[in-house]
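For the sequence shown, the working numbering begins at 2 and goes up steadily by one.
Just so you know, even glycine gets a beta-carbon here, dropped at the ideal spot from N, CA and C.
All values reported here derive from a predicted model rather than from experimental measurement.
First comes the structure, then the notes that go with it.
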Amino acid sequence: MVVLKSWLKVDDTCDVFGVHGVCGIVGCLGTGILTSAALGGTGYAEGITMLKQVGIQAASIGVCILWSGIVAYVAFKIADVCVGLRVSEEIEREGLDVNSHGKGRITNKIWFQL
């Protein structure tokens with residue numbers, strides 16, 4: 002994930018995709034496998050095999066990724082036109098808290114004064 006994020010130039014400091022996206026994909030594919038009656042699941046519909054069900058699950062993942070990508074792209078473009086998505090390098094160096102709120106991060110010294 003680290004290599005992919007830097008290659009795509011994605012700023013995902015909280016690893017949101019790594020936590021939610023990858024786990025969601027694994028869970029969705031796992032559902033196609035664990036539905037098997039032999040593995041304790043409810044079983045497949047008539048004429049559906051495990052491979053076919055996993056294929057259906059994979060197709061649903063593709064549709065979800067496509068839908069999410071299109072909606073996110075449109076939302077980001079609207080936000081970019083309205084307020085912009087990036088701050089200048091100077092503001093980023095100063096720190097976003099200082100620029101937005103006039104104060105920096107809370108240090109241990111400040112906590113003890115409270």
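Query: Check the C-beta distance from Cys29 over to Gln58 and give it rounded, since I have them as a contact under 8 Å.; Result: 5 Å
Query: Taking Cβ positions, are Thr97 and Val88 nearer each other than 8 Å?; Result: Note on residue identity: the sequence assigns Leu, not Thr, to residue 97. Cβ atoms of Leu97 and Val88: closer than 8 Å.
Query: Helix, strand or coil for Cys15 per DSSP?; Result: coil
Query: What three-state label does DSSP hand Gly31 in the structure shown?; Result: helix
Query: Whose C-beta lies closer than 8 Å to the C-beta of Asp81 among residues of the same chain, with five residues either side of it excluded?; Result: none
Query: Check the C-beta distance from Phe1 over to Leu86 and give it rounded, since I have them as a contact under 8 Å.; Result: Because residue 1 is not part of the residues shown, which for the chain are 2 to 115, the question remains open.
Query: Please report the straight-line C-alpha distance between Gly31 and Glu47, rounded to a whole angstrom.; Result: 20 Å
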